[in-house]
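Which chain is which? The protein sequence lines are A and B, in order.
Offset between the first sequence (1-based) and the numbering used here: plus 609.
Offset between the second sequence (1-based) and the numbering used here: plus 53.
Even glycine gets a Cβ: it sits at the ideal position worked out from N, Cα and C.
In this text the structure is predicted, and so the values were computed from the model without any measurement.
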Amino acid sequence: MEIDFKNYESLAKTARRQVLDIICRTKGPHIGSSFSCVDLLVVLYFRTLRAKPEDSQNPQRDRFIFSKGHASPALYAVLFERGFLSHKDMEGFAVNGGTLQQHPDCNPRCGIEFSTGSLGHGLSVGAGMAYALRKDGNPARVFVMMSDGELNEGSTWEAVLFAAHHKLENLVLVIDYNRMQALGFTSDTLELDPLAQKFAAFNWASATIDGHSFPEIVDAYDRLPFSREKPSVIVADTVKGKGVSFMENKLQWHYCCPGEEDYVLACKELEL
Amino acid sequence: MRQAFYDRLEEIARCDRNVHVLTANLGFKFFDRIRSTCPEQFLDVGVAEANMISLAAGMTVCGKNVYCYSIIPFLTMRAYEQIRIDICYHNLNVKLVGMGAGFTYGLEGYTHFGIEDIALMRAMPGMHIVAPDTVENAVKIAELSHTYPFPLYIRLGRAGIHSEKRRPSINRIGEASVLSEGNDLALIANGNMVPVCDAVAKRLRREGIGVTLVNLHTIKPFDHVTVQQCAVLHPMIVTAEEHSIVGGLGSAVAEVLAETSYKGKFARIGIPEQLDAGVIGHADHLWDHYGLSAERIYHRIKELLRSLSIREDESVVQSQICRSST
């Protein structure tokens, strides 16, 4: 069956618009980090992940841990489109007495399998899940999405060693490699390159893709696991702030919230 | 104590295939039985405590019953934030088994001492804490922990001074055990300090001083009722713990006493916040140096009793002066 890439594009655009709206409404941070991972999330939720809102407690569902919890607006927007979250949930984003805080709180019914926000936990937790699921002969897979900044954390590398040693073929790490972290470029902070080779040296099977090309994302997800008896990593080259030209590759959008003029301009770029 | 704990856990693991025991590459020989009978339930994660805690959390949400083992500071401090978020914030019933209460590792030195752990674990929302004193009680805790529904920190020490035939004094996690009763003072201890205080209490009793000895093995949830009863019945309360004087058993008892407006004499015996430079030795040597040996605790209590009687004499004099002046 032919893949409808146009559909992914429009889902991604709608999600980005949702991200823009909820961030501007609440004057919140992390729009750049949210935009960079939207395309990866859209394909994950609309094609790859064996998890459905109507069957969210199924023990055999695939698990997803959004380790880069600070980019929660992107996660919420896609969970909303996929039917895990309601309008009411979205209206309660980052407001007093609301529903969704800026870092995701565990709620498997809404598709949030684990609370995140402190960097460098997600891969370890995911490895624990993958290890336990395999012990039970459960066919579920575990996906973890991580930022590049999280690769600075020592605990991440403890998990990288563990997953390869135990041949966690059911574990998939997706790295949103937008090459920018809180105070600057990754290359000026702690150089991560050559990243895919690092994982290869740690006995992971890797693929490097353009994290905004739907054909490449689909191809990578469809080929999982990349190798027998190895965990898989997708190093997705992405652009911080992707989708709104004046936000792309600009560090200020790690923290800053768009003003009114920025908002109008951004909306134009995100029109369907 | 540790061997007995793990031998019992091995029996439990044989009957419950959901039980998994993780270690951060420590516990040489102690896991031999479980490794041979339940190899699929044993996991050495390597020298990676932070990863071990998060792995345990991931395994638990997928239905496993997980125990994590390491030496106390590595288990509780290296992985503190993982415990905070992945275990406690998610309220997962992972069991953290720490070895080396207080100065157990004596000559190994400061890096291996477990002397701030209870303060740290007490501050952790939802974490329960238990410190068994004897082999029998450690075995009992292995049994009670199996179906315990909350995050649980199990603090093991060297103990092992009782035969395996002696009955455990712990009935329930969260319920202090009153080991003996007397009228003059209440001695509240946990872990390694319980047998030490037992010896002190016996010596005091021979001198006609009535001592209530409480094993307050569970530091969280805290048995306020037993402490309050001690406050009602005794003019003096002394706590003894193989832990920093900051934030442990003594602090927990002090909080209760302060809030119940206890009028008696109260003293905490524990390890000073800062250790003395250059002092090294086995646990017994360090206990003696820092005032935790039976001999030192006995003399400290005698001193406290003397000050109490002086205070009483003074207050008698004071009230006589008051009366005569009116």
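Query - For Val-119 of chain B, the residue or residues it bridges with in DSSP - result: B:His-73
Query - Same chain, Cβ closer than 8 Å to Ser-695 of chain A, five either side skipped, listed in chain order - result: Phe-689
Query raised in the report: Taking 8 Å as the CB-CB cut-off, is Gly-111 of chain B touching chain A?
Result: With respect to chain A, the C-beta atom of Gly-111 of chain B has a partner C-beta closer than 8 Å.
Requested in this report: Report the option in B:Ala-109, B:Asp-60, B:Asp-139 whose CA atom is closest to the CA atom of Arg-88 of chain B.
Outcome: B:Asp-60
Query raised in the report: Where does Lys-677 of chain A land, buried or exposed, given buried means 16+ other C-beta within 10 angstroms?
Result: buried
Query - Residue-chain proximity (Val-98 of chain B, chain A), Cβ-Cβ < 8 Å - result: yes
**Report entry** Boundaries of the alpha helix (DSSP H) in which Tyr-617 of chain A is found, first to last residue
**Finding:** Taken as a continuous stretch (DSSP letters only), the alpha helix (DSSP H) holding Tyr-617 of chain A covers 614-635.
Query raised in the report: Which chain B residues are close to Leu-742 of chain A, counting only those with a beta carbon under 8 Å from its beta carbon?
Result: Cys-115
Report task. Kindly indicate which residue of B:Tyr-142, B:Met-105, B:Leu-149, B:Val-280 has the alpha-carbon position closest to the one of Ser-314 of chain B. Result -> Measuring from the Cα of Ser-314 of chain B, the nearest candidate turns out to be B:Val-280.
Requested in this report: Would you kindly report the start and end of the unbroken beta strand (DSSP E) that includes Asn-268 of chain B?
Outcome: Run containing Asn-268 of chain B: 264-268, per the beta strand (DSSP E) assignment.
Query - Gln-790 of chain A - partner residues in DSSP beta bridges - result: A:Gly-793
Query - Option nearest Tyr-887 of chain A by Cα separation, candidates A:Ala-703, A:Leu-684, A:Phe-702 - result: The structure shown does not extend to residue 887 of chain A, since chain A spans only 610 to 881, so no value can be given for it.
Query raised in the report: Under a three-way DSSP split, which group does Ala-293 of chain B fall into?
Result: Ala-293 of chain B falls in the strand class under three-state DSSP.
Requested in this report: Tell me where the alpha helix (DSSP H) around His-883 of chain A begins and ends.
Outcome: Outside the shown range of chain A, which is 610 to 881, sits residue 883 of chain A, and nothing can be said about it.
**Report entry** Under 9 Å (Cβ pairs) to chain B, residues found in the region 718-747 of chain A
**Finding:** Glu-722, Phe-723, Ser-724, Thr-725, Gly-726, Ser-727, Gly-729, His-730, Gly-731, Leu-732, Ser-733, Val-734, Gly-735, Ala-736, Gly-737, Met-738, Ala-739, Tyr-740, Ala-741, Leu-742, Lys-744, Asp-745, Asn-747
Query raised in the report: Are any of the Cβ atoms in chain C nearer than 8 Å to that of Tyr-120 of chain B?
Result: No chain C is part of this structure, whose protein chains are labelled A and B.
Query raised in the report: Can you name the residues that DSSP bridges to Lys-380 of chain B?
Result: Not covered by the structure: residue 380 of chain B. The range shown for chain B is 54 to 379.
Query raised in the report: Applying a beta-carbon distance threshold of less than 9 Å, which residues of chain A neighbour Ser-123 of chain B?
Result: The premise fails here: Ser-123 of chain B is roughly 13 Å from chain A at the closest Cβ pair, so nothing lies under 9 Å.
Query raised in the report: Thinking just about the alpha-carbon of each residue, which of B:Val-188, B:Thr-164, B:Leu-205 is nearest to the one in Tyr-120 of chain B?
Result: B:Leu-205
Query raised in the report: Is the beta carbon of Ala-814 of chain A sitting closer than 8 Å to the one on Phe-835 of chain A?
Result: Taking C-beta atoms as the reference points, Ala-814 of chain A and Phe-835 of chain A count as a pair closer than 8 Å.
Query raised in the report: Between Ala-195 of chain B and Ser-123 of chain B, what straight-line distance do the alpha-carbon atoms span, to the nearest angstrom?
Result: Near 16 Å, if we compare the C-alpha coordinates of Ser-123 of chain B and Ala-195 of chain B.
Query raised in the report: Curious, which full-length beta strand (DSSP E) runs of at least 3 residues does the region 123-175 of chain B contain?
Result: 148-152
Requested in this report: Determine whether the Cβ of Tyr-133 of chain B lies closer than 8 Å to any Cβ atom of chain A.
Outcome: no
Query raised in the report: Would you say the region 706-719 of chain A touches the region 754-767 of chain A, given that touching needs at least three Cβ pairs under 8 Å?
Result: no
Query raised in the report: beta strand (DSSP E) containing Thr-817 of chain A: first to last residue?
Result: From DSSP, the beta strand (DSSP E) with Thr-817 of chain A extends over 814-819.
**Report entry** Local Cβ density within 10 Å of Ser-645 of chain A, reported as buried at 16 or more and exposed below that
**Finding:** Under this definition Ser-645 of chain A is a buried residue.
Query raised in the report: What's the gap between the Cα of Lys-697 of chain A and the Cα of Ile-272 of chain B?
Result: 42 Å
Query raised in the report: Is the number of C-beta pairs between the region 259-269 of chain B and the region 163-177 of chain B that are closer than 8 Å three or more?
Result: Judged by pairs of C-beta atoms under 8 Å, the region 259-269 of chain B does not touch the region 163-177 of chain B, as fewer than three such pairs exist.
Requested in this report: Count the other CB atoms, across all protein chains shown, that sit within 10 Å of the CB of Asn-705 of chain A; report buried if there are 16 or more and exposed otherwise.
Outcome: exposed
Query raised in the report: Is the region 235-248 of chain B touching the region 287-302 of chain B, taking contact as three or more C-beta pairs under 8 Å?
Result: yes
Query raised in the report: Is the Cβ-Cβ distance between Gly-111 of chain B and Asn-78 of chain B less than 8 Å?
Result: In this structure, Asn-78 of chain B does not lie closer than 8 Å to Gly-111 of chain B by Cβ.
Query - Reduced DSSP secondary structure (H/G/I, E/B, other) of Ile-87 of chain B - result: helix
Query - Boundaries (first-last residue) of the alpha helix (DSSP H) holding Arg-61 of chain B - result: In the DSSP assignment, Arg-61 of chain B falls within the alpha helix (DSSP H) that extends over 55-68.
Requested in this report: Identify the contact partners of Ala-184 of chain B in chain A, using a Cβ-Cβ distance below 8 Å as the criterion.
Outcome: Around Ala-184 of chain B, no beta-carbon contact reaches into chain A at under 8 Å, the shortest distance being about 27 Å.
Query raised in the report: What is the DSSP secondary structure of Gly-323 of chain B, reduced to helix, strand or coil?
Result: Strand, per DSSP.
**Report entry** Beta-carbon contacts of Ala-660 of chain A that lie in its chain and below 6 Å, excluding the five residues immediately before and after
**Finding:** The answer, listed in chain order, is Arg-670, Asp-671.
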